[in-house]
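Inspection log for the structure reproduced underneath, given as C-alpha cells.
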Amino acid sequence: MRAAHCDHLLHTPICLSPPTTPHRQNLRIGFSISQAAQHNRNRRTRRLVHFSCGAIRAVDGPQLSPWDEMPYEILPSGKKAYLDEQDVVTFLDPPKELIPLDSGSYNPAAYLWKKIEDIPEERHHRLLTLLNPRLISRAWQIAGTRYEDPKLAKKCASNLLCSEEKEPSVEFYSCQSSGGQWPIAWMKSFKKAVFYCDDGKTYGRLIGGSLLAQITNTCSPLYFMVVPHGEVMSTEQPCDLAYELGDGHLNLQSYPQGFPRPAKHPYPFNDQVVIYVRHVGPGVSVGQAWQEGKELQQVPRKLCGEILMVKDCAASAVVR
C-alpha cells in the first residue's frame with residue numbers, strides 16, 4: 079500500500095546535493111536560492127529536495143567536490159550573493175513551487191535555526207539588509223514553532239544568556255524594524271546592548287542612532303531588565319524573554335564603561351514598555367515591542383513591527 083501510495087515519488091526530479099565536509103551540512107529542504115542568485119548555479123547542480131508522503135527520493139546528478147563550490151554566486155550585476163543568506167531569505171519567502179508538499183514532516187523553526195547556523199558569525203549582519211519588515215514578521219511566526227519541540231525550545235541565541243558561568247560581559251546587537259510614529263521612529267534602526275552585572279541579574283540598553291535619539295542616549299538612556307518570560311501578555315503567544323523597560327530608575331550597582339547613569343525614561347518608554355523576544359538562531363533573535371501601561375487604560379498597543387536583532391560579534395568581543 080505504501081509503495082503504491084508514494085509511487086509518484088519515483089518520478090519527482092530531485093538532485094542530490096554534493097558531498098559535504100565534516101564542518102558543514104548542505105541540506106536543502108524543499109528550497110533553493112533566490113532567482114537572482116541562480117544564474118551560475120544552473121550551470122552546475124541545482125539542489126532541490128521535495129517532501130511528499132513524509133519520504134524523500136532522489137536521482138543522481140553530477141558529483142562535485144564540496145571544495146569546488148564557493149560560498150557565494152556572482153550575479154550579472156557583479157555583486158556577490160552568499161548562498162546561505164539567500165537560503166534564509168528563500169525559506170522565509172519561498173516560491174510556490176518550492177513549498178514542501180508535507181509541511182508536517184519537519185519543524186520550520188529547526189530548519190531556520192540550521193540555516194542561520196550555517197552562516198559564519200561575521201556574515202550574520204547581512205540579514206539586516208536582506209530581510210524586510212514582512213520577512214522579519216515571518217521569522218517571528220516561524221520561531222513560534224520552536225516550542226513544539228522540547229529539545230529545540232531549550233536552544234538559546236545568546237551565549238551571555240545561556241552560559242552557566244555568569245561573568246560580567248556585554249553583547250552588542252544591531253536591530254531593525256519597520257519603525258513607528260514619533261517619538262519612536264528611530265526604532266527603525268538602532269543598537270542594543272545586553273550585559274550581566276555583579277548583582278546576578280541581566281540588563282540591557284537600547285541605543286538610538288538618530289540625532290534626537292543620541293540626545294536621549296545621554297540624558298535618558300533606555301535601560302531594561304532581562305527576565306525569562308513564557309508568553310506575550312496581550313496575545314498569549316509563547317516567547318523566551320522579556321525586556322522590561324520600567325520607568326528607568328534601575329538601581330544598577332555597575333554597568334559597562336562609558337554607559338551613562340540610569341535616569342527616568344521619556345514617554346512612551348516610561349509607560350510599561352516590554353519587548354518580548356524569541357530566539358531564531360545563533361546570535362539572531364526577533365522581538366515585539368508592546369506598551370502596556372496606564373496611559374492606554376490597560377489596553378496594550380504594539381509600538382512597531384517585529385524587530386530583528388543580530389549580534390555584532392566584533393563589538394561584543396572587544397568589551398569582554
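Here the sequence shown is numbered in the numbering used here, starting from 79 and rising by one per residue. Glycine included, C-beta positions come from ideal geometry on N, C-alpha and C.
Asked: Measure the C-alpha to C-alpha separation of Val-352 and Ser-312 and round it to an integer number of angstroms.; Found: 11 Å
Asked: Would you call Tyr-251 buried or exposed, if buried means 16 or more other Cβ atoms sit within 10 Å of its Cβ?; Found: buried
Asked: Given this structure, state the Cα-to-Cα distance separating Pro-228 from Tyr-184, to the nearest angstrom.; Found: 14 Å
Asked: Can you tell which of Thr-168, His-357, Leu-381, Gln-366 has its C-alpha closest to the C-alpha of Ala-401?; Found: What is shown of the chain runs 79 to 398, which leaves residue 401 out entirely.
Asked: From Val-272 to Tyr-333, what does the alpha carbon distance come to, in whole angstroms?; Found: 10 Å
Asked: At what residues does the alpha helix (DSSP H) containing Pro-240 begin and finish?; Found: Per the sequence shown, the amino acid found at residue 240 is Cys instead of Pro. From DSSP, the alpha helix (DSSP H) with Cys-240 extends over 237-240.
Asked: Tell me the DSSP bridge mates of Tyr-354?; Found: Ala-320, Gln-366
Asked: What distance in whole Å lies between the Cβ atoms of His-343 and Leu-323, which are believed to be in contact at a cut-off of 8 Å?; Found: 6 Å
Asked: When burial is assigned at 16 or more other CB atoms within 10 Å of the CB, is Asp-196 buried or exposed?; Found: buried
Asked: Can you find the residues in the same chain that come closer than 8 Å, C-beta to C-beta, to Pro-211, ignoring five residues on each side of it along the sequence?; Found: Ser-255, Ser-256, Gly-383, Glu-384
Asked: Quick one, which of Gln-366, His-203, Tyr-225 has its alpha-carbon nearest Cys-391's?; Found: His-203
Asked: For Leu-386 versus Leu-230, is the C-beta distance shorter than 8 Å?; Found: no
Asked: In angstroms with no decimal places, state the Cα-to-Cα distance between Pro-261 and Ser-267.; Found: 14 Å
Asked: Which of the three DSSP states, helix, strand or coil, is assigned to Pro-404?; Found: Because the chain here runs from 79 to 398, residue 404 falls outside it and cannot be looked at.
Asked: What's the call for Lys-158, buried or exposed, on a 16-neighbour Cβ count within 10 Å?; Found: exposed
Asked: Taking the alpha-carbon positions, what's the Leu-381 to Gly-365 distance?; Found: 11 Å
Asked: Please report the straight-line C-alpha distance between Asp-165 and Gly-359, rounded to a whole angstrom.; Found: 14 Å
Asked: Here's a check: name, in chain order, each residue in its chain whose Cβ is nearer than 8 Å to the Cβ of Leu-328, leaving out the five neighbours to either side.; Found: Tyr-281, Tyr-301, Met-303, Pro-340
Asked: What's the C-alpha gap between Cys-275 and Glu-249?; Found: 13 Å
Asked: Does Ala-188 come out as helix, strand or coil in the three-state DSSP assignment?; Found: helix
Asked: State the Cα-Cα distance for the pair Glu-199 and Lys-193, rounded to the nearest angstrom.; Found: 12 Å
Asked: In the DSSP assignment, the beta strand (DSSP E) including Gly-269 goes from what residue to what residue?; Found: The sequence shown places Lys at residue 269, not Gly. Element bounds for Lys-269: 267-274.
Asked: Relative to the C-alpha of Trp-368, which residue among Asp-318, Gln-335, Val-310, Phe-337 is closest?; Found: Val-310
Asked: By alpha-carbon positions, which one of Leu-170, Leu-239, Pro-338, Pro-149 ends up nearest to Asn-295?; Found: Pro-338
Asked: Less than 8 Å separating the beta-carbons of Glu-175 and Arg-201?; Found: no
Asked: Kindly indicate which three-state DSSP category Ser-332 falls into: helix, strand or coil?; Found: coil
Asked: According to DSSP, is Ile-177 part of a helix, a strand, or is it coil?; Found: coil
Asked: Taking the beta strand (DSSP E) that Phe-169 belongs to, which residues open and close that run?; Found: Unbroken run through Phe-169 is the alpha helix (DSSP H), 161-170; no beta strand (DSSP E).
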